[in-house]
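Notes to accompany the following structure.
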Amino acid sequence: MKVVAFNGSARKDGNTAILVRQVFSELEKEGIETEMIQLAGQTIRGCTACGQCYKNKNRRCAVEGDIVNECIEKMVAADGIILASPTYFADLTSETKALIDRSGYVARGNDDMLKRKVGAAVVAVRRAGSVHTFDSINHFFLISQMIIPGSIYWNMGIGRAKGEVEQDEEGLRTMRILGQNMAWLLKKVNT
Ligand SMILES: Cc1cc2nc3c(=O)[nH]c(=O)nc-3n(C[C@H](O)[C@H](O)[C@H](O)COP(=O)(O)O)c2cc1C
Numbered sequence: 000m001k002v003v004a005f006n007g008s009a010r011k012d013g014n015t016a017i018l019v020r021q022v023f024s025e026l027e028k029e030g031i032e033t034e035m036i037q038l039a040g041q042t043i044r045g046c047t048a049c050g051q052c053y054k055n056k057n058r059r060c061a062v063e064g065d066i067v068n069e070c071i072e073k074m075v076a077a078d079g080i081i082l083a084s085p086t087y088f089a090d091l092t093s094e095t096k097a098l099i100d101r102s103g104y105v106a107r108g109n110d111d112m113l114k115r116k117v118g119a120a121v122v123a124v125r126r127a128g129s130v131h132t133f134d135s136i137n138h139f140f141l142i143s144q145m146i147i148p149g150s151i152y153w154n155m156g157i158g159r160a161k162g163e164v165e166q167d168e169e170g171l172r173t174m175r176i177l178g179q180n181m182a183w184l185l186k187k188v189n190t
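With numbering that gives the first Met the number 0, the residue at position 68 of the sequence shown is 67, and numbering never jumps.
Here it is as structure tokens:
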């Protein structure tokens, strides 16, 4: 089994990536393969509402030339998907939103192709707005008919400067338990 994570932070290997790696550590203990795609430095435009994905039904976004179709292929191939974002103005980053809008529309136009995959949100935050970011990501999973495991708290870690989240012991623990629950759920769903 495989879990692919998309880190929508503008900072490569920042707090969001650290949190994702905590989840990965537990998945890997259970023999689940992991891969993280970091969107930092990528130019990703939003959905153009062209509707071609509903017509073409080729599991691709008609907007070519950026990383999104590669991300969609990785989502389809995976058993579990992590969407991770830092909190920007009490919501997810523009890159994360563009990925959601385009992959979500392609999925809906192609027989709900993400249906019954396991999904988890991971959120980094300095101070406030992370619950809203968490909700935004979970809205995508839920309308895609995906299944969501929980943890001991909503999936967030607190920190501002790169690496600061390492000091949020509860946040790190939340991610590790999320990883344990995600592994448990993946095994149930895939028996
Ligand atoms: C444009 C921008 C907007 C931000 N907005 C918020 C916010 O609304 N609330 C908050 O607590 N932190 C906010 N932050 C701080 C980040 O969420 C925080 O530094 C986070 O740890 C960054 O994660 P990263 O290292 O993965 O990029 C913002 C940062 C940036 C660059």
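Cβ atoms here follow ideal geometry from the backbone N, Cα and C, with glycine treated the same way.
Residue i - DSSP class collapsed to helix/strand/coil
i: Lys116; result: coil
i: Lys1; result: strand
i: Asn55; result: helix
i: Ala106; result: helix
i: Ala61; result: coil
i: Asp100; result: helix
Buried versus exposed, by CB contacts within 10 Å (16 or more), residue i
i: Cys52; result: buried
i: Cys46; result: buried
i: Ile142; result: exposed
i: Arg20; result: buried
i: Arg115; result: exposed
i: Ala106; result: buried
i: Ala123; result: buried
i: Gly120; result: Note that residue 120 is Ala in the sequence shown, not Gly. Buried, because 16 or more other Cβ atoms sit within 10 Å of the Cβ of Ala120.
Beta strand (DSSP E) segment containing residue i, residue limits
i: Asn14; result: Unbroken run through Asn14 is the alpha helix (DSSP H), 14-28; no beta strand (DSSP E).
i: Gln37; result: 32-37
Alpha helix (DSSP H) segment containing residue i, residue limits
i: Leu82; result: Not the alpha helix (DSSP H): Leu82 falls in the beta strand (DSSP E), residues 79-85.
i: Phe133; result: 129-142
i: Lys11; result: From DSSP, Lys11 is part of no alpha helix (DSSP H); its letter is neither H nor E.
Exercise. Could you name each continuous beta strand (DSSP E) segment of 3 residues or more that falls completely within the segment 150-184, going from the start of the chain to the end?
Key: 155-157
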